[in-house]
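Residue numbers (this note's numbering): 122 to 1315.
Here is the structure:
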């Protein structure tokens, strides 16, 4: 039953615990034990009461006295609680039993003190049907006042009209026919004194009334049953059911009761032989559906092996298996008698089984109880098919008033919890329905014009969370107006957690708005109990206690939350009280909580456990504040000298004062007991290294942790601050901070307020000299330049140098520094002062987490006014890095008192990568063609090869362009028929452009030069590429081949190669190349191939001409001789006469001229010899003139 379900929820809970102390004293709790065993559940409810001098708390034990329950009064006058004498159940109803008295308890303080304890489990029967109502006892300290039976259901008998439909078919034997009648008679006899009346119908092929209800009323039923003859025909069961409906249940003359519950008992040994549908008002419909629509209860008894039970069972009411029976033969009817009688008895007086609803029969009023002024509100969870309702009882003798939600669903348990409040002078009732749609709902009722209406419903999202099982209305500022509603869902599931509390704010428009959800306990049914507490910490706000009774293996725990004006409570609890911190024997600690009482101005909290009640008291709360002061008002800078190391010296005296006041309203003098504080005094807390310390001989002692016992409203202590002789930063003040907390103690009398500001800070300034200004304002000027036009990488240049100029044209600059931001690949080496007008010191420090930043301090602690200095910064260059085209360096001049504090300046510098490239002509044999010859027989074409090597002998890979220039018409008689450029490289593809016409200083327009560019995408270091220019050349020369000496014609074929690269990114720095931008000789070269055409001597011509010449000469000589008469010889004697001197002869025509005879002329002149020509050539070129012939003739 529902009355026990709440107890079961408590009994089954579990949790894990933790404790965090605030001001609830857990060291000395007072524990009240029940007089009986733990099973009595003493402590299930516990409520404080206080009226005038009367003070204490009432405790219930709902399972005491074998479950009857009991109530006790506890106070400080006795360690034991006194039972309240309540009357026995027999005084109210001799047939009833009262269970679980104290399931709910309520206390009314005004106008007079009155207690109410309710039992929602007053069980009493009505004609065999158990009713579950409630009874509430009301009493004062002296005697019982009254009892209340709210939502009580009086026992009224329910009339039942029962019709026997028994089979009269041919299959029934005479003895079975007789047994059937005896069975009917037995049932009627056993129920003769009930509100049940009977009628009977025999059915076979047709149906016939045996006796009517009127016959039963007139005592004629038994005789008519005895006289009834056996029909012995078919088994038309469906028709018989229709017959009974129209002739008995609907026929007024049959003696039926119009409002009676209708029941049919069908007894048959055969299967229905007629259609299942009948016509009702002209509509064909299954007879079973007709009975269902009319809420007619049906029992079926099947006899014999021939019946088909699955078909007959369809005729029975739900649950069909419970309302249908099978027996082997009619002898088994006697065995069914008790079972059937019980079922029929249960029908009498019951509406639920007939499809109707429970009203107050199972009302269980008193599951929850709450007073608002002198009006008692009771929750009735079982009313109206467990929809639930509230009952309002305004005073003695006043009629109860039921409050319902018309939209509530069955089995919702509305009234499981109840809370009352007031807003804008309008009373409000809050009630929980934790089983509404299995998710739970909270309903808010408001009374307008005397009627209670629903103004809001709060639904939950999680199934089975039991949302609304616990409610607590909170008046956060104690002004008589409800501000918040706390709703518990103890079965809400979270991963690793169980239970959740919802905080709703009540607006001025009486609307609940969710503010936050609180979930703390691990499987402990958190929020099973919620109670508003009197102000614990003195902030004049109500606080809250939340129970998790199954934490820590069913030991339990209670969470304390401080109130919050906006959110209702603070998100984090201020204290967690674990049961085992109070007593090892506690179980289900936190099942109920109440904290409205005060003791000496402090709050008392009663916490129920299984079999025990724990009384906890709060402790006074103190507010403590700290104040720091120092003397003298400034730290003198006259003693600081960074060039000389002196011993530490005292600078100021620090005074710490603590002021204490009580926040709570205790009536005793608690200030004298005081508080013990631990405080932590720390210098320069925000700095890595402190400039001051707290001991003259210990320069590392920057903090101390003394202990101080406060027992006065104010107490002070002094501490001396020491400093070393050199302090770099004298601009920013020394920050002194003190943190304090309450010292650990086993039994502290008072508690430090959690809201106390536990920190105090003061800044001790340094002495300043700023001329006429109240504040020093430095004005720094910064400039810098690079000493080289570019950053050269992969060279012998290992450092980059930067010239930095810094000056201060304002007041003294404190904590001056230069911040160098540089790219990766550079690392700061040093910063040297090369010019200065006053002594300037620097110190540079890097940051291990920021490799691109170096901070150099300048003349710490002060860079004086009108100071200037020029620095040389050195940065080491790392070659093993992928550099961008430019680097950017930013130098920031910083001053703690600068205007502005930071002066950044950025400049860029191009980055050039040092390379070493060379191109060479491979003139070795087998590589290039350096010489080729042609002849008349071999004019070509012949292949000329020029091989070039392009090499990267540097450290940087880069793309390279190779440009080839070569003539295609190198001369008048040399013809280039084809050309080709190839390369020897397999790792990647080298793309070459199509040949283009070009004119260079080495190649004129006449030579028709071509230019080809080949692009090497990436020439790795120590890598070379071989290019081959191949041309096919032929000689088109046609010289005179009839020559008598060898002739040679020469022509040099030249090609030119030049390599190029991105000179804005790379620079040639080796092979004697030192000036950026120049093209070195080793970046270009030429290849030369000599072509020679040879014309040899024409030997046949010489031989032929020599022979012919000799013959002609001979002939000539002979002719001459003949002409001269050589062959005309004189006779002997005549010869002498004719002899003459042929040595010299004077020309007769030219006197004085000596004529040489023809025979004396040489065949080859000296000139011919000198010219190297033969006499034949001279002859050919200069034939004998006719003058010579004439002379010969003469």
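Backbone N, C-alpha and C fix where the C-beta goes; we use that ideal spot for every residue, glycine too.
Cβ-Cβ distance between residue i and residue j below 8 Å
i            : j            : result
residue 925  : residue 994  : yes
residue 101  : residue 1029 : The structure shown does not extend to residue 101, since the chain is modelled only from 122 through 1315, so no value can be given for it.
residue 493  : residue 541  : yes
residue 1205 : residue 1040 : yes
residue 116  : residue 224  : With the chain represented from 122 up to 1315, any question about residue 116 goes unanswered, as that position is not in the structure.
residue 945  : residue 917  : no
residue 668  : residue 167  : no
residue 226  : residue 237  : yes
residue 567  : residue 547  : yes
residue 749  : residue 775  : yes
residue 418  : residue 438  : yes
residue 534  : residue 509  : yes
residue 1114 : residue 1127 : no
Contact set for residue i: own chain, Cβ-Cβ below 6 Å, skip 5 residues either direction
i            : result
residue 1067 : 1049, 1150, 1176, 1208
residue 958  : 989
residue 351  : 289, 298
residue 757  : 888
residue 625  : 606, 633, 635
residue 455  : none
residue 903  : 927, 1014, 1024, 1026
residue 257  : 237, 239, 269, 487
residue 163  : 155, 182, 732
residue 1193 : Here the model assigns residue 1193 a pLDDT of 46, short of 50, so the residue's position is not dependable, and the following value carries that caveat. Counting only Cβ-Cβ distances below 6 Å, and skipping sequence neighbours, we find nothing.
Status (buried if at least 16 other CB within 10 Å, exposed otherwise) for residue i
i            : result
residue 1227 : exposed
residue 933  : buried
residue 195  : buried
residue 1239 : exposed
residue 709  : buried
residue 1281 : Unreliable positioning characterises residue 1281 in this predicted model, as indicated by a pLDDT of 38, which lies under 50. The coordinate reading is nonetheless provided below. Per the 10 Å Cβ criterion, exposed.
residue 987  : exposed
residue 245  : buried
residue 1061 : buried
residue 489  : buried
residue 1237 : exposed
Neighbourhood of residue i by C-beta, 8 Å cutoff - its chain only, sequence neighbours within 5 removed
i           : result
residue 432 : 392, 393
residue 651 : 591, 592, 593, 607, 609, 622, 665, 666, 667, 668, 714
residue 850 : 812, 935, 936, 981, 982, 1017
residue 875 : 143, 658, 683, 695
According to DSSP, residues forming a beta bridge with residue i
i            : result
residue 977  : 939, 965
residue 359  : BP columns for residue 359 are empty, so no partner.
residue 686  : The partner list for residue 686 (beta bridge, DSSP) is empty, contrary to what the question assumes.
residue 1114 : For residue 1114, which the question treats as bridged, DSSP gives no partner whatsoever.
residue 830  : 797
residue 1055 : 1214
residue 1122 : DSSP, once it has assigned bridges, lists no residue as partnering residue 1122.
Close beta carbons around residue i, own chain, < 7 Å, minus the five adjacent residues each side
i            : result
residue 773  : 751, 752, 753, 756, 842, 885
residue 1025 : 1011, 1013
residue 791  : 741, 783, 870, 871
residue 378  : 280, 282
residue 355  : 290, 325, 326, 394
is_contact[residue i, chain B] using C-beta, thresh 8 Å
i            : result
residue 1148 : Although the question refers to chain B, the structure presented lacks it and comprises just one protein chain.
> Is it true that the stretch 500-512 meets the stretch 342-360, where meeting means three or more beta-carbon pairs spaced less than 8 Å apart?
Replying inline: Using a C-beta cut-off of 8 Å, the stretch 500-512 makes no contact with the stretch 342-360, since fewer than three inter-stretch Cβ pairs fall below that distance.
> Between the stretch 1005-1015 and the stretch 938-945, are three or more C-beta pairs nearer than 8 Å?
Replying inline: By the criterion of at least three beta-carbon pairs nearer than 8 Å, the stretch 1005-1015 is in contact with the stretch 938-945.
>> Measuring CB atoms only, is the stretch 1069-1078 touching the stretch 1088-1097, in the sense that at least three cross pairs come out at less than 8 Å?
In response: Too few Cβ pairs lie closer than 8 Å, so no.
>> Under 8 Å, with one C-beta from each stretch per pair, do the stretch 354-373 and the stretch 397-416 reach the 3-pair mark?
In response: Per the Cβ contact rule, the stretch 354-373 is in contact with the stretch 397-416 (3 or more Cβ pairs under 8 Å).
> Is the number of C-beta pairs between the stretch 395-407 and the stretch 305-315 that are closer than 8 Å three or more?
Replying inline: Short answer: they don't touch.
>> Taking contact to mean 3 or more Cβ pairs, one atom from each stretch, closer than 8 Å, check whether the stretch 1215-1222 and the stretch 1116-1127 are in contact.
In response: Contact fails between the stretch 1215-1222 and the stretch 1116-1127, because fewer than three Cβ pairs, one in each stretch, are under 8 Å apart.
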